[in-house]
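Going line by line, the protein sequences match chains A and B. Per our numbering, the first sequence starts with residue 536, numbered consecutively. Per our numbering, the second sequence starts with residue 536, numbered consecutively. Working notes, structure below.
2 protein chains.
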Amino acid sequence: MNDALKYKIVSLVLAIGLLASLIHLVVSQKQATQPEHKRAAEIVMQNILSRKSVRSYTNRPVSRAQLDTLVRAAMAAPTGMDTRPWKFVVIDDKNAMQQLAAKLPRAKMLAEAQAAIAVCGDMSVLSKDGKPSRNWMLDCSAATENLLLQAEAMGLGAVWTAGYPYPDRMEAIKSALSLPDHIIPLNLIPIGYPKGDPQPKDKYNKDNIHYNKW
Amino acid sequence: MNDALKYKIVSLVLAIGLLASLIHLVVSQKQATQPEHKRAAEIVMQNILSRKSVRSYTNRPVSRAQLDTLVRAAMAAPTGMDTRPWKFVVIDDKNAMQQLAAKLPRAKMLAEAQAAIAVCGDMSVLSKDGKPSRNWMLDCSAATENLLLQAEAMGLGAVWTAGYPYPDRMEAIKSALSLPDHIIPLNLIPIGYPKGDPQPKDKYNKDNIHYNKW
Numbered sequence: 536m537n538d539a540l541k542y543k544i545v546s547l548v549l550a551i552g553l554l555a556s557l558i559h560l561v562v563s564q565k566q567a568t569q570p571e572h573k574r575a576a577e578i579v580m581q582n583i584l585s586r587k588s589v590r591s592y593t594n595r596p597v598s599r600a601q602l603d604t605l606v607r608a609a610m611a612a613p614t615g616m617d618t619r620p621w622k623f624v625v626i627d628d629k630n631a632m633q634q635l636a637a638k639l640p641r642a643k644m645l646a647e648a649q650a651a652i653a654v655c656g657d658m659s660v661l662s663k664d665g666k667p668s669r670n671w672m673l674d675c676s677a678a679t680e681n682l683l684l685q686a687e688a689m690g691l692g693a694v695w696t697a698g699y700p701y702p703d704r705m706e707a708i709k710s711a712l713s714l715p716d717h718i719i720p721l722n723l724i725p726i727g728y729p730k731g732d733p734q735p736k737d738k739y740n741k742d743n744i745h746y747n748k749w
Numbered sequence: 536m537n538d539a540l541k542y543k544i545v546s547l548v549l550a551i552g553l554l555a556s557l558i559h560l561v562v563s564q565k566q567a568t569q570p571e572h573k574r575a576a577e578i579v580m581q582n583i584l585s586r587k588s589v590r591s592y593t594n595r596p597v598s599r600a601q602l603d604t605l606v607r608a609a610m611a612a613p614t615g616m617d618t619r620p621w622k623f624v625v626i627d628d629k630n631a632m633q634q635l636a637a638k639l640p641r642a643k644m645l646a647e648a649q650a651a652i653a654v655c656g657d658m659s660v661l662s663k664d665g666k667p668s669r670n671w672m673l674d675c676s677a678a679t680e681n682l683l684l685q686a687e688a689m690g691l692g693a694v695w696t697a698g699y700p701y702p703d704r705m706e707a708i709k710s711a712l713s714l715p716d717h718i719i720p721l722n723l724i725p726i727g728y729p730k731g732d733p734q735p736k737d738k739y740n741k742d743n744i745h746y747n748k749w
C-alpha cells in the first residue's frame with residue numbers, strides 16, 4: 536500500500552468520525568436548547584408533584600447556606616399590596632433544636648431534624664390603610680409553599696407543622712423562640728435529608744374543578 | 536504537492552476537527568448529566584425568583600389543557616390534616632370572561648385576560664373533628680402559589696386578586712360565579728401571556744431573618 540492510499544483511508548475514517556460527532560452534537564444541542572422553556576415547565580411541575588411531607592430525617596447536616604436559600608425562596612412570594620408582612624426564625628443550633636423539640640411535643644420530628652424554620656407574621660408591618668395586614672396568613676402561606684418546594688428541589692425533606700390558628704401551638708412556638716407579641720408564628724418547618732423513601736400523594740381530583748360557573 | 540502529502544494534510548485537519556468535536560461532546564455531556572439534581576434545584580429556584588404579578592396580557596390564547604395543568608399543580612399543595620378543602624372554578628369562555636370583567640371592576644385586567652381561575656375554600660369539607668377546616672385559607676394560599684409558579688414556568692402571566700378576607704370582593708366573585716354559600720372565594724387569578732416585559736421584584740431582606748431565637 537502506498538502512502539497516498541494509506542492517508543486516503545485514514546482521511547475517510549476520520550471524516551466519517553467527524554461527521555458522526557457533528558450529527559450527534561447538533562442533535563444533542565437541539566434537545567438541550569430548543570425546548571428549554573418546555574423543559575423548565577416540566578421540571579417545575581415535576582417538583583411541585585414530587586413535594587411531600589417528610590417527617591423523618593437522616594443525620595446528614597444541612598448548611599446555613601442551604602437554609603438561607605430556602606428563606607430567600609420564601610421571600611419571593613407575592614403579598615397583598617406588596618406589604619411583605621413576614622419574619623423568619625432559622626434554627627440550626629443543636630442545643631436550640633433540642634430545647635425546641637422538648638418544648639413542642641406536637642412536633643416530635645424536631646428531635647431528629649437538622650434545622651427548622653418558623654414562618655411568622657409581623658403585625659408591626661402596616662398596610663396602606665395604616666392597619667396591620669389582614670392577609671398576613673395568606674402571604675406567609677404562599678411564602679411557606681415556596682420554601683417547601685425549594686427544599687424538595689434541593690433534595691431536602693420538610694413538613695408544615697401548624698402554629699396559627701391554634702392558640703396553644705402559637706403560644707408554644709412563641710415561648711420556645713422568645714417571639715415578641717407582634718410576631719405570630721404561622722408554622723414551624725423541620726428540615727433535614729429524608730430518611731427512607733417518602734412518596735408524594737396524588738391529590739388531583741377532577742370533581743374539584745368547575746368550568747365557567749359553579 | 537503529491538497525493539500523499541495532500542491526504543496527510545487532510546487527515547491532520549480532520550483529526551483536529553474530530554478531537555475538537557469529541558472534547559465538546561464530553562464537556563456538554565458532563566454539564567447535562569452530572570449535576571442533574573443541582574440543575575433542577577437551580578431551575579426551580581430561578582422560577583420562584585422570576586415569578587411576578589402580570590396584569591396585562593396579549594391576545595394569544597391559553598388552552599384548556601394548560602389551565603388543567605395549573606389546577607393540577609394547585610391540588611399538589613399540602614393541606615392541614617390532608618383535608619384538601621378546595622374547589623376551583625376555571626373560566627375560559629369569552630362571554631363568561633366579559634361578564635366577569637363587567638361585574639368585578641377591581642379586577643380590570645380580567646377584560647384582556649384569556650382565562651381566570653378562582654381558588655375557593657369548601658366549607659362542606661370537614662376536618663377530623665367534624666367541623667369545617669380552620670386552615671382552608673392557608674391551604675388554598677399554598678395551592679394558589681403552586682398555580683402561580685407553574686404559570687410562570689409555562690411562560691404565562693397571572694396575578695392574585697383578592698377575594699377573602701374582604702366581604703365586598705368575596706360577594707362580587709360569589710355572585711359572578713354563582714357560588715353556593717359553602718364555597719368561599721380566596722381569590723380570582725386572571726391568566727394570559729404577558730404583554731410587555733414585566734420584571735420580578737427582589738424582595739430578599741436579611742433583616743427579616745433571625746437565628747435560633749428572636
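Even for Gly, the Cβ is constructed at its ideal location relative to N, Cα and C. Note that the coordinates shown come from a computational prediction; the quantities given were computed from them, not determined experimentally.
Closest residue to residue i among the options (Cα-Cα distance)
i: Leu712(B); options: Val625(B), Met616(B), Gly615(B) and Trp671(B); result: Val625(B)
i: Asp628(B); options: Leu557(B), Val597(B), Asp742(B) and Ser591(B); result: Val597(B)
i: Thr614(A); options: Thr679(A), Val694(A) and Leu684(A); result: Thr679(A)
i: Ser733(A); options: Lys748(A), Ile708(A), Val694(A) and Ile744(A); result: Contrary to the premise, residue 733(A) reads as Pro rather than Ser in this sequence. Pro733(A) has its Cα closest to that of Val694(A), out of Lys748(A), Ile708(A), Val694(A) and Ile744(A).
i: Lys643(B); options: Pro725(B), Leu661(B) and Lys741(B); result: Pro725(B)
i: Pro750(B); options: Glu577(B), Lys543(B) and Met689(B); result: There is no way to answer for residue 750(B), as the model of chain B reaches only from 536 to 749.
i: Lys663(B); options: Met616(B), His717(B), Val545(B) and Ala631(B); result: Met616(B)
i: Ala576(B); options: Leu691(A), Ala612(A) and Val589(A); result: Leu691(A)
i: Gln645(B); options: Ala653(B), Met632(B) and Leu721(B); result: The sequence given here has Leu at residue 645(B), not Gln. Among Ala653(B), Met632(B) and Leu721(B), the Cα nearest to that of Leu645(B) is on Met632(B).
i: Leu635(A); options: Lys709(A), Lys738(A) and Met610(A); result: Lys709(A)
i: Glu687(A); options: Leu560(B), Ala707(B) and Lys573(B); result: Lys573(B)
i: Leu683(A); options: Ile652(A), Lys741(A), Trp621(A) and Ile544(A); result: Ile652(A)
i: Leu639(A); options: Asn537(A), Ile551(A), Gly552(A) and Asn722(A); result: Asn722(A)
i: Gly731(A); options: Phe623(A), Ala539(A), Ile718(A) and Ser588(A); result: Ser588(A)
i: Gln685(A); options: Arg586(A), Asp703(A) and Asp657(A); result: Arg586(A)
i: Arg704(A); options: Ile551(A), Arg641(A) and Arg595(A); result: Arg641(A)
i: Tyr739(A); options: Ala555(B), Tyr542(B), Lys622(B) and His559(B); result: Lys622(B)
i: Gly698(A); options: Leu560(A), Tyr542(A) and Pro720(A); result: Pro720(A)
i: Lys741(A); options: Ile718(B), Asn537(B), Leu602(B) and Ala539(B); result: Leu602(B)
i: His717(A); options: His745(A), Asp737(A), Trp749(A) and Lys666(A); result: Lys666(A)
Element boundaries [beta strand (DSSP E), containing residue i]
i: Leu723(A); result: Ile718 to Gly727
i: Val654(B); result: Ala650 to Asp657
i: Val624(A); result: Trp621 to Ile626
i: Tyr746(A); result: Ile744 to Tyr746
Range covered by the alpha helix (DSSP H) that runs through residue i
i: Thr604(B); result: Arg599 to Ala609
i: Val579(A); result: Glu571 to Ser585
i: Asn681(B); result: Trp671 to Ala688
i: Met705(B); result: Pro702 to Leu712
i: Leu635(B); result: Lys629 to Lys638
Rounded distance between the beta-carbons of residue j and residue i, thought under 8 angstroms
i: Leu714(B); j: Cys655(B); result: 7 angstroms
i: Gly727(A); j: Thr604(A); result: Rounded, the Cβ-Cβ distance is 15 angstroms, inconsistent with contact.
i: Ala608(A); j: Ile583(B); result: 5 angstroms
i: Val660(B); j: Thr696(B); result: About 24 angstroms; that fails the 8 angstroms criterion.
i: Ser546(A); j: Leu549(B); result: 6 angstroms
i: Ile578(A); j: Val579(B); result: 7 angstroms
i: Ala677(A); j: Ala677(B); result: 7 angstroms
i: Trp766(B); j: Pro620(B); result: Because chain B is modelled from 536 through 749, residue 766(B) falls outside the range shown and cannot be assessed.
Bridge partner(s) assigned by DSSP for residue i
i: Thr696(A); result: Leu723(A)
i: Pro667(B); result: Leu661(B)
i: Ser588(B); result: Ala693(B)
Residue i Cβ short of 7 angstroms to the ligand FAD heavy atom set
i: Leu560(B); result: In terms of ligand content, the structure shown is empty, and the ligand FAD therefore cannot be addressed.
Residue i: contacting residues in chain A (beta-carbon distance under 8 angstroms)
i: Gln633(B); result: Those do not exist, as Gln633(B) stays about 12 angstroms from chain A at its closest Cβ, beyond 8 angstroms.
Contact set between residue i and chain B, taken where Cβ atoms lie within less than 8 angstroms
i: Ser588(A); result: Pro613
i: Pro700(A); result: Arg669 and Asn670
Cross-chain neighbours of residue i in chain A, by beta carbon under 7 angstroms
i: Arg619(B); result: Lys738
i: Leu549(B); result: Ser546, Leu549, Ala550 and Leu553
i: Ala575(B); result: Ile578, Asn582 and Ala688
i: Ala608(B); result: Met580 and Ile583
i: Leu645(B); result: Going along chain A, no residue has its Cβ under 7 angstroms from Leu645(B), so there is no contact; the nearest lies around 13 angstroms.
Residue i: contacting residues in chain B (beta-carbon distance under 7 angstroms)
i: Trp695(A); result: Pro613
i: Asp628(A); result: Asn747
i: Gly552(A); result: Leu553
i: Arg641(A); result: Near Arg641(A) there are no residues of chain B at all, since even the closest Cβ is about 13 angstroms away, more than 7 angstroms.
i: Leu712(A); result: Lys748 and Trp749
Closer than 9 angstroms at the beta carbon, the chain A residues around residue i
i: Asp515(B); result: It is not possible to answer for residue 515(B), since the shown part of chain B is limited to 536 through 749.
i: His717(B); result: Simply none; closest approach about 11 angstroms.
Per-residue contacts from residue i into chain B (C-beta, under 9 angstroms)
i: Pro596(A); result: Chain B residues near Pro596(A): none, gap ~16 angstroms exceeds 9 angstroms.
i: Glu680(A); result: Ala612, Pro613, Ser676, Ala677, Ala678, Thr679, Glu680, Asn681 and Leu684
Test: residue i CB closer than 8 angstroms to a CB of chain C
i: Leu557(A); result: The structure shown contains no chain C; the protein chains it does contain are A and B.
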